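K.L.:
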Amino acid sequence: MHTTAVLNTSLSMVGSSIMPTCRMCTQNYPVNQFVKGNGPRYLVCARCAVEHDMMAPGETPILYSDEVARARLSLFSRRYRPWVLMILGWTLFLTMGRSIPPWSTLFLIVLIILTLTTPVRHLMTRTKFNSELSRLSP
Ligand SMILES: [Zn+2]
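Position 64, counted from 1, in the sequence shown is what the working numbering calls 361; the numbers after and before it change by one each time, with no gaps.
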């Protein structure tokens with residue numbers, strides 16, 4: 298069960314600031330994925346702590362399951378897809394120019410609509426997004 302790649306992707310998309318390196322597996326994880334403590338437990342991620350039997354009794358690691366990690370990733374990609382489309386669209390329009398009338402004009406109109414609606418939609422769906430995100434957070 299290795300969720301590292303998915304986990305790192307979904308978290309780097311929110312712009313997680315501090316990502317320390319685990320001493321044992323040399324992977325980067327957000328701070329909340331590390332076990333607390335000094336000595337042998339210093340800078341060891343929860344995954345390695347479990348593998349090396351270092352978890353204190355009753356201590357449960359905060360790990361995302363494969364399913365939750367996938368759901369989080371799809372939640373983020375759904376939220377940011379219109380922005381990506383908008384940027385791609387403008388790039389395409391600016392590189393192609395108005396070479397193919399009337400399609401260039403139509404394309405420009407669609408782009409303008411997308412540019413105007415995306416921020417509004419982003420703000421309007423914020424509450425729903427946050428509630429879905431907190432449902433998918435351990
Ligand atoms: Zn580790």
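Virtual Cβ for every residue (Gly too), placed ideally from N, Cα, C.
Treat the numbers as computed from the prediction; the structure is a model and nothing was measured.
Have a look at the DSSP bridge pairing and note the partners of residue 331.
P.N.:
DSSP, once it has assigned bridges, lists 342 as partnering residue 331.
K.L.:
Could you give the uninterrupted runs of the alpha helix (DSSP H) lying entirely in the segment 374-423, keeping only those of 4 residues or more?
P.N.:
Within the segment 374-423, the complete alpha helix (DSSP H) runs of at least 4 residues are 400-421.
K.L.:
Using only Cβ atoms and a threshold of 7 Å, which residues come within that distance of a heavy atom of ligand 2? Order them by chain position.
P.N.:
Ligands in the displayed structure: ligand 1; ligand 2 is not one of them.
K.L.:
Within the same chain, show all residues whose beta-carbon is closer than 7 Å to that of residue 312, passing over the 5 residues directly before and after it, in chain order.
P.N.:
Note on residue 312: pLDDT 44, under 50, position unreliable in the model; the coordinate value appears next. Nothing meets the Cβ criterion.
K.L.:
With burial defined as no fewer than 16 other Cβ atoms inside 10 Å of the residue's Cβ, what is the status of residue 328: buried or exposed?
P.N.:
By the 10 Å Cβ count, residue 328 comes out exposed.
K.L.:
What whole-angstrom Cβ distance do residue 408 and residue 426 have, given they're in contact under 8 Å?
P.N.:
That pair is no contact at about 24 Å.
K.L.:
Could you tell me the distance, in whole angstroms, from the CA atom of residue 397 to the CA atom of residue 375?
P.N.:
Taking the straight line from one Cα to the other gives about 31 Å.
K.L.:
Is the distance from the Cβ of residue 332 to the Cβ of residue 316 below 8 Å?
P.N.:
No, these two residues do not count as a Cβ contact at 8 Å.
K.L.:
Going straight from the alpha carbon of residue 404 to that of residue 364, what length do you get?
P.N.:
One C-alpha to the other measures close to 38 Å.
K.L.:
Determine the closest residue to residue 337 out of 330, 326, 321 and 429, with distance taken between C-alpha atoms.
P.N.:
Residue 321 is the option with its Cα nearest to residue 337.
K.L.:
DSSP three-state label for residue 302, please.
P.N.:
In this prediction, residue 302 scores a pLDDT of 49, lower than 50, which makes its location untrustworthy; no coordinate-derived value is stated.
K.L.:
Taking the alpha carbon of residue 384 as the reference point, which residue from 325, 413 and 422 has its own alpha carbon closest?
P.N.:
Out of 325, 413 and 422, 413 has the C-alpha closest to the C-alpha of residue 384.
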